[in-house]
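In terms of the working numbering, the sequence shown is residues 94 to 205. Note that beta-carbon positions come from the ideal geometry of N, C-alpha and C, so glycine has one too. Just below is one structure, and these are the notes that go with it.
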Amino acid sequence: MDWGKVIYVFFSLMSLTSIAGFLYEHSATALFAAGSLNLVSTFLKIGVRNLLSAELLASSLVADLHLIPAFIYLQVVGNLEWAIALTIGALIANLFSMGLVYIESSKNRDDY
Numbered sequence: 094m095d096w097g098k099v100i101y102v103f104f105s106l107m108s109l110t111s112i113a114g115f116l117y118e119h120s121a122t123a124l125f126a127a128g129s130l131n132l133v134s135t136f137l138k139i140g141v142r143n144l145l146s147a148e149l150l151a152s153s154l155v156a157d158l159h160l161i162p163a164f165i166y167l168q169v170v171g172n173l174e175w176a177i178a179l180t181i182g183a184l185i186a187n188l189f190s191m192g193l194v195y196i197e198s199s200k201n202r203d204d205y
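Next up, the structure:
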């Protein structure tokens, strides 16, 4: 078992579920947790060297660039609608990222 892959998939899933938690209960704490977990996930993906590593990193960066402004819109500007809209964009980017993880996992299993 590749523990490095387990850890970055874990943080990716935690970020995804935290985003869903914010969309259910619009709290700044949930959005901050989702952004923090996604940043950790992004940093973990920097050192990954597999077939779809560039796509995984790009989708994680897209989610970061949605979650950080969403938190700013929620806390500084006070605009919940923009925060929700940006968070939905991050959710889509993370769903795309998880799809890539599944594709990559199936490719690796075919190699054995």
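- In this structure Y101 touches S134 by the C-beta definition: roughly 6 Å separates them, less than 8 Å.
- Its Cα nearest to that of Y117, the residue I181 stands out among V194, A151 and I181.
- Around the beta-carbon of I112, 16 or more other beta-carbon atoms lie within 10 Å, marking it buried.
- By the C-beta density criterion, L137 is buried, having at least 16 other C-beta atoms within 10 angstroms.
- Inclusion of A183 and L160 in the CB contact set at 9 Å is warranted, their separation being smaller than that value.
- Two segments are said to touch when three or more pairs of C-beta atoms, one from each, lie closer than 8 Å; by this definition the stretch 169-177 does not touch the stretch 102-109.
- Under a 10 Å Cβ-count criterion, A156 is classified as buried, with 16 or more other Cβ atoms of the shown protein chains found around its own Cβ.
- Inter-residue distance for S190 and N172 is about 27 Å (C-alpha atoms, whole angstroms).
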